[in-house]
Amino acid sequence: MMKRDDCLKSLAGKIAQDEIVVAAYTTAFEWIAIRPSPCNYISSGAMGMTSSHALGFALAWPDRRIILLDGDGSLLMNLGCLVTTANAAPKNLIHFVLENGTYEANGGHPIPGQNSASFAGMAESAGYNNCHELSDLESFEDNIGSILQEEGPTFVTLKCVPGEDYPQDYRHMHSAKLREDFAEAVKNF
Amino acid sequence: MTNSASEEGTPADCLTGSLIIDAVKKSGVNTILTVPDKTTSEGLLRPIAADEELRHIRVCKEDETVGISAAMSYSGQRTLILIQYTGLLDSMNAIRAIGCEYQMPICMMVGLLSKEPGVAPTESKRFGIRIVEPILDTMNIDRHLIETDDDIGLITPAINKCYETSSPVAMLIGRPPLAA
Numbered sequence: 099m100m101k102r103d104d105c106l107k108s109l110a111g112k113i114a115q116d117e118i119v120v121a122a123y124t125t126a127f128e129w130i131a132i133r134p135s136p137c138n139y140i141s142s143g144a145m146g147m148t149s150s151h152a153l154g155f156a157l158a159w160p161d162r163r164i165i166l167l168d169g170d171g172s173l174l175m176n177l178g179c180l181v182t183t184a185n186a187a188p189k190n191l192i193h194f195v196l197e198n199g200t201y202e203a204n205g206g207h208p209i210p211g212q213n214s215a216s217f218a219g220m221a222e223s224a225g226y227n228n229c230h231e232l233s234d235l236e237s238f239e240d241n242i243g244s245i246l247q248e249e250g251p252t253f254v255t256l257k258c259v260p261g262e263d264y265p266q267d268y269r270h271m272h273s274a275k276l277r278e279d280f281a282e283a284v285k286n287f
Numbered sequence: 002m003t004n005s006a007s008e009e010g011t012p013a014d015c016l017t018g019s020l021i022i023d024a025v026k027k028s029g030v031n032t033i034l035t036v037p038d039k040t041t042s043e044g045l046l047r048p049i050a051a052d053e054e055l056r057h058i059r060v061c062k063e064d065e066t067v068g069i070s071a072a073m074s075y076s077g078q079r080t081l082i083l084i085q086y087t088g089l090l091d092s093m094n095a096i097r098a099i100g101c102e103y104q105m106p107i108c109m110m111v112g113l114l115s116k117e118p119g120v121a122p123t124e125s126k127r128f129g130i131r132i133v134e135p136i137l138d139t140m141n142i143d144r145h146l147i148e149t150d151d152d153i154g155l156i157t158p159a160i161n162k163c164y165e166t167s168s169p170v171a172m173l174i175g176r177p178p179l180a181a
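In order, the protein sequences belong to chains A and B. If you're matching positions, the first sequence starts at 99 in our numbering and goes up one per residue. If you're matching positions, the second sequence starts at 2 in our numbering and goes up one per residue.
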């Protein structure tokens, strides 16, 4: 199974610096270290809300690709978003779920349905346009280029394990400055 | 924080849905995020769904609307959340974090299902209705009771304030609006 930060590093090399990337919790901390940009949005406030923010950005800017780096625990707290998103059908949204099978930000306890629930299966049933499940870095690198070109909404489960440790600064995550920087970065989008 | 024109003197006994929608449009709102509510079903939701001037997004669960609305506000677009008070109660953590702590403009229109017309929400026989305003007050969220046509004048300024000050607001619909 691929290491999460290896996967994120690979993804970072495939997208532009001014693309909006919405990320949840542990993945968010890794992502902002790997791809620092004011266009990263990690201020979802409440667990589960990352996917709803991403849908809002996708609806607001239909001509810009929106990348969502969701967590499996976060998605479980907002499963209805799969149907809401599929129904709204934003062509510009790519919904990644980094599945490690745990509530990593809450102590690493296993999620319900660990190793049995299929998030890509749920997304497919909900009506996402494209659904994928990848679990090794080679497959990710072979497929990510074409996945990023698909007409969305697209859903991709990335089965992974934690990689290196990255700083986790929750005060930064919730800071007004971070949101102000984002607002400034997107004000002319 | 409470405002109700009908409490100040000119009570009417009806609430007209089309006038509410006109007031919402006047504020610059162009997107409505909804989870169905029986109180507002016929007088607001159905006309909104049929209104070609408004983008209508059907949402599965009320807390989703908070995240969607907050994100859309970065583009300068104004949204209105149309939900039932039970959904408001269910969404409190998202409203707490995104609306109150992050100070995002979260503009909510909330049906008070089964509130007795002419009775203040805090005097309702229904527990769920009685606690809505005290909870909003505890969270320092602006609220307005929209119970009659005399109250509709509160809507546009409330939405404008929500977006100009980047803060949440709840407009509480106290009776089923007429589908007219």
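Just so it is clear, CB atoms sit at the ideal spot from N, CA and C, and this is done for glycine as well.
- Put simply, the CB of B/Tyr164 is far from chain A, with every gap to its CB atoms at 9 Å or more.
- DSSP, reduced to helix, strand and coil, places A/Phe287 outside both helices and strands of the structure shown, so it counts as coil.
- Within chain B, not a single residue places a beta-carbon under 7 Å from that of A/Gly211; the smallest gap is close to 19 Å.
- Each of A/Glu202, A/Gln115, A/Ser216 was checked against the Cα of A/Ser172, and the nearest Cα belongs to A/Glu202.
- Put simply, the CB of B/Ser70 is near chain A, with a gap under 9 Å to one of its CB atoms.
- Look at the stretch 265–287 of chain A: the residues with a C-beta under 9 Å from a C-beta of chain B are His272, Ala274, Arg277, Phe280, Ala281, Val284, Lys285, Phe287.
- Residue environment analysis places A/Asn241 among the exposed positions, since fewer than 16 neighbouring C-beta atoms fall within 10 angstroms of its C-beta.
- Here B/Cys101 is not bridged, per DSSP, to any residue.
- Ranked by Cα distance from B/Gly119, the options B/Lys126, B/Glu148, B/Ile174 are led by B/Glu148.
- Neighbours of A/Phe217 across chain B, judged by C-beta separation under 9 Å, do not exist; the nearest C-beta is about 16 Å away.
- DSSP places B/Glu134 within a helical segment (H, G or I) once states are collapsed to three.
- Between the stretch 164–179 of chain B and the stretch 102–120 of chain B there are three or more C-beta pairs closer than 8 Å, enough to call the two in contact.
- DSSP places A/Val181 in the uninterrupted alpha helix (DSSP H) bounded by 178–186.
- Against chain A, the beta carbon of B/Cys61 has neighbours under 8 Å at Gly178, Cys179, Val181, Thr182, listed in chain order.
- By the 16-neighbour rule on beta-carbons within 10 angstroms, B/Pro135 is exposed.
- Beta-bridge annotation (DSSP): A/Asn228 is paired with A/Thr252.
- Annotated three-state conformation of A/Lys189 is coil, per DSSP.
- Distance from the Cα of A/Lys257 is smallest, within the candidate group A/Leu232, A/Tyr268, A/Ser273, for A/Leu232.
- For A/Asn241, the enclosing alpha helix (DSSP H) has its first and last residue at 235–245.
- With respect to chain A, the C-beta atom of B/Ala98 has a partner C-beta closer than 9 Å.
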